[in-house]
Amino acid sequence: MQEVKKIATRESFGNALISLAEEFPQMIVLDSDLTTGTKTCMFQKAYSERHINCGIAESNMMGMAAGMSVMGYIPVVSTFAMFAAGRAFEQIRNSIGYPHLNVKICATHGGISVGEDGATHQCNEDMALMRAIPGMVVLNPSDDAEAKAALKAALIYEGPVYIRFGRLEVDMIHEEGEPFTIGKGRIERDGTDITIFATGICVQESLKAAEMLMESSIDAQVVNLASIKPLDRELIFQAASKTGKAITVEEHTVLGGMGSAVCEVLAGRYPIPVKMVGIPDIFGESGDAKKLLHIHRLDAFGIAAETEAFLRETADLTLQNI
Numbered sequence: 051m052q053e054v055k056k057i058a059t060r061e062s063f064g065n066a067l068i069s070l071a072e073e074f075p076q077m078i079v080l081d082s083d084l085t086t087g088t089k090t091c092m093f094q095k096a097y098s099e100r101h102i103n104c105g106i107a108e109s110n111m112m113g114m115a116a117g118m119s120v121m122g123y124i125p126v127v128s129t130f131a132m133f134a135a136g137r138a139f140e141q142i143r144n145s146i147g148y149p150h151l152n153v154k155i156c157a158t159h160g161g162i163s164v165g166e167d168g169a170t171h172q173c174n175e176d177m178a179l180m181r182a183i184p185g186m187v188v189l190n191p192s193d194d195a196e197a198k199a200a201l202k203a204a205l206i207y208e209g210p211v212y213i214r215f216g217r218l219e220v221d222m223i224h225e226e227g228e229p230f231t232i233g234k235g236r237i238e239r240d241g242t243d244i245t246i247f248a249t250g251i252c253v254q255e256s257l258k259a260a261e262m263l264m265e266s267s268i269d270a271q272v273v274n275l276a277s278i279k280p281l282d283r284e285l286i287f288q289a290a291s292k293t294g295k296a297i298t299v300e301e302h303t304v305l306g307g308m309g310s311a312v313c314e315v316l317a318g319r320y321p322i323p324v325k326m327v328g329i330p331d332i333f334g335e336s337g338d339a340k341k342l343l344h345i346h347r348l349d350a351f352g353i354a355a356e357t358e359a360f361l362r363e364t365a366d367l368t369l370q371n372i
């Protein structure tokens, strides 16, 4: 079996900054003294005059980015998700979101796969916080190629964008140069029995789970929702009408994240049985990243098991008797 190449999407982000620098000369990168962790150190080395280390002052950094955007620059602001969506929420909301400024917030170290750093650094709430801000685009790419494409799409888009990147190395499942469109999802695997809506690093695990489910004669469709806001409503309806049941899988709290967004869409037009798999109403904990994903049923084995259990629980349900 050919070995699948792996790379963390934070590393992809760092590489993409350099490859896009000449195409977007108005791009300025701001970081809050975490350049090695966020991988903006690559850009800092190559384009020192276009990189600003703002120090451990994330709220102030967001204000600086807002001012730069008014001057015609495209600020790319990077720090850990906990410090972006958490510590600097007010500045993102009032200084960037409210005036709808052209700032790209690129947050690394999202979710429990931060691992040993523990609950204080495992931001499982960032997408819920960011998608609640009016006009904010929220993206969560799944792998290297998608991360690079998402950043380019964000730079082209006029307005505020939040992108989540991860610390854990993940499989490279897409080819370089595949199209990425804000507001569009993609069918990664066709199927007829159930739809698995996944985002971020959970896409690769969902694809593995779908292969495992075939051993139980379950044909699962896997839909990648890298664009959390706006959502691809038509693709969600299409998938729901085809399979009639769905699982949502995300490395994020089940309160207000991608799963909630999918359920909000379906409830208004095509209500079907949906099970949300993610972090329950708890904080994270320190531990090996892969072990934590396993504990929370976010690896292939857990997703497959949750899918099988859900299909058993809903075996007699149809739209006519819900």
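Sequential numbering from 51 applies to the sequence shown in the numbering used here.
Virtual Cβ for every residue (Gly too), placed ideally from N, Cα, C.
Looking only at Ile162, Gln254 and Gly161, the smallest Cα-Cα distance to Glu196 is reached by Gln254. Closest in C-alpha terms to Asp176, from the list Met308, His101 and Asp366, comes Met308.
Annotated as distal: Ile57 and Ala96, with beta-carbon spacing of 8 angstroms or more. With distances taken between CA atoms, Ile329 lies nearest to Thr303 out of His171, Phe93 and Thr303. Out of Thr293, Ala182, Asp240 and Glu226, the CA that lies nearest to the CA of Tyr212 is found in Ala182. For the set Arg347, Asn190 and Ala354, the Cα lying nearest the Cα of Leu275 is the one of Asn190. Under DSSP, His101 forms a beta bridge with Val79. Here the C-alpha atom of Ile124 lies approximately 25 angstroms from the C-alpha atom of Gly250.
In this structure Thr245 is buried. Its beta-carbon is surrounded by 16 or more other beta-carbon atoms within 10 angstroms. Of the candidates Ala134, Ile223 and Phe74, the residue whose Cα lies closest to the Cα of Leu179 is Ala134. The alpha-carbon separation between Glu108 and Ile78 amounts to approximately 16 angstroms.
Lys89 places its beta carbon 8 angstroms or farther from that of Phe130. The shortest C-alpha to C-alpha distance from Ser98 to any of Met112, Ile106 and Asp81 is the one to Asp81. Residue state for Ser277 is assigned as strand, using DSSP reduced to three classes. An exposed status is given to Arg362, since fewer than 16 other beta-carbon atoms sit within 10 Å of its beta-carbon.
Counting along the chain, Arg319 sits inside the alpha helix (DSSP H) bounded by residues Met308 to Arg319. For Phe93, the enclosing alpha helix (DSSP H) has its first and last residue at Cys91 to Ala96.
With respect to Lys279, Met132 sits apart: the two C-beta atoms are not nearer than 8 angstroms. Rounded to whole angstroms, the separation of the alpha carbons of His150 and Pro323 is 36 angstroms. Residues Asn152 of the same chain have their beta carbon placed closer than 7 angstroms to that of Glu208, with the five preceding and five following residues left out of the count. C-alpha of Phe247 to C-alpha of Arg239: approximately 11 angstroms in a straight line. Taking every protein chain shown into account, the CB of Thr298 has 16 or more other CB atoms within 10 angstroms, so this residue is buried.
Contact annotation: the segment 219-227 does not touch the segment 264-272, with fewer than three C-beta pairs closer than 8 angstroms. Of the residues Leu218, Glu73 and Arg60, the one whose Cα lies closest to the Cα of Met92 is Arg60. 8 angstroms or more divides the Cβ of Gly235 from the Cβ of Ala260.
Shortest Cα-Cα distance from Ser145 to any of Met111, Gly318, Ala204 and Cys104 involves Met111. The Cβ atoms of Gly165 and Asp331 lie no closer than 8 angstroms to each other. Only residues of its own chain outside the window of five on either side were considered, and among them Cys173, Glu175, Asp176 and Leu179 have a CB closer than 8 angstroms to the CB of Gly136, listed in chain order. Distance from the CA of Asn65 to the CA of Thr364, rounded to the nearest whole angstrom, comes to 45 angstroms. Secondary structure note for Ala248: its beta strand (DSSP E) is the uninterrupted segment Ile244 to Ala248. Leu305 and Glu358 have their C-alpha atoms spaced approximately 23 angstroms apart.
Here Thr231 has Ala203 and Ser277 as same chain residues with Cβ atoms under 8 angstroms from its own Cβ, once five neighbours each way along the sequence are excluded.
DSSP places Glu61 inside the alpha helix (DSSP H), whose first and last residues are Thr59 to Leu70.
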